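K.L.:
The letter at position 91 of the sequence shown is residue 141 when you use the numbering used here, and the numbering goes up by one with no holes. Glycine included, each C-beta is placed from N, C-alpha and C at the ideal position. Bear in mind the structure is a predicted one, so any value in this text is a computation, not a measurement. Please read through the structure below; I'll follow up with questions.
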Amino acid sequence: MTSKKASDTKIIPLPKPKIRSRYSLERGLFERRSIREYTRKPISLEALAQLLWSCQGITAADGLRATPSAGAVYPLESYAAVERVEGLPAGIYRYFPGPGVNEHHLQLVKRGRCGEELLALTTKQDFIKTVAVNILLATVTSHMAKEYGEELAPRFVHMEMGHAAQNVHLQAEALGLGSVAVGYLQEKKVAVLIGCEAEPQYMISIGVKKR
51 MTSKKASDTK IIPLPKPKIR SRYSLERGLF ERRSIREYTR KPISLEALAQ LLWSCQGITA
111 ADGLRATPSA GAVYPLESYA AVERVEGLPA GIYRYFPGPG VNEHHLQLVK RGRCGEELLA
171 LTTKQDFIKT VAVNILLATV TSHMAKEYGE ELAPRFVHME MGHAAQNVHL QAEALGLGSV
231 AVGYLQEKKV AVLIGCEAEP QYMISIGVKK R
């Protein structure tokens with residue numbers, strides 16, 4: 051289904067993340083694998099909230115987040131291209147952390163599934179349209195450049211993107227879900243598709259593993 055631009059800025063509050071579980075970090079590091087075969091089963095809204103929080107959630111009253119950022123600039127924008135999430139219509143949503151600790155919400159950007167369109171603009175691997183959600187990380191390098199200059203900014207932005215992505219992969223594993231990184235994106239076309247002015251550079255496909 052072709053996605054349609056939202057005519058409003060619908061805000062969807064997300065469930066608060068859990069900060070404790072019985073799943074250890076060490077187990078996640080040991081068991082994490084890139085998964086490319088998925089069922090078409092949905093994931094819960096709570097799982098989506100947990101995944102997005104692990105990427106950019108606010109974890110301290112002074113605004114610090116779950117991932118390190120040079121100078122606490124936080125030049126990343128996170129988008130969820132939702133295919134199958136319980137209680138959430140398919141569409142493209144931008145993730146906003148805050149304003150308080152463990153508070154966060156989504157803003158609807160476009161309605162409808164966009165798996166087919168993402169498939170054509172990325173690696174053309176079928177899992178992109180069978181997963182529950184594709185999380186896209188976009189960068190605003192100019193924000194970092196204001197603090198650290200044009201030479202260092204790209205390095206710091208790419209470091210932060212790696213931190214955020216690894217958090218998501220490990221969180222997916224802890225939730226019993228599969229994930230896989232997608233590095234090839236037609237950036238300008240993907241930016242138009244998801245309705246952002248930043249530069250989409252990394253996508254994480256997440257869903258229920260096919261046993």
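Compare the Cα-Cα distances from PRO67 to each of GLY107, ARG82 and GLU210 and report the closest residue.
P.N.:
Checked all of GLY107, ARG82 and GLU210; the closest Cα to PRO67 is GLY107.
K.L.:
Please state whether DSSP places GLN221 in a helix, a strand or coil.
P.N.:
Helix, per DSSP.
K.L.:
Sort out for me which residues DSSP pairs GLN157 with in a bridge.
P.N.:
DSSP output for GLN157 lists ILE61 and ARG144 as bridge partner(s).
K.L.:
Here's the rule I'm using: 16 or more other beta-carbon atoms within 10 Å means buried, otherwise exposed. How should GLU133 be labelled?
P.N.:
Under this definition GLU133 is a buried residue.
K.L.:
Need the endpoints of the alpha helix (DSSP H) that LEU101 sits in, please.
P.N.:
Per DSSP, LEU101 belongs to the alpha helix (DSSP H) from 95-106.
K.L.:
Based on the DSSP output, what are the partners of LYS259 in its beta bridges?
P.N.:
DSSP output for LYS259 lists TYR88 as bridge partner(s).
K.L.:
Strictly by DSSP, which residues pair up with PRO250?
P.N.:
Note: PRO250 sits in a beta bridge opposite ALA188.
K.L.:
In the DSSP assignment, find the alpha helix (DSSP H) that holds GLU166 and state where it starts and stops.
P.N.:
165-171 is the span of the alpha helix (DSSP H), which, as asked, contains GLU166.
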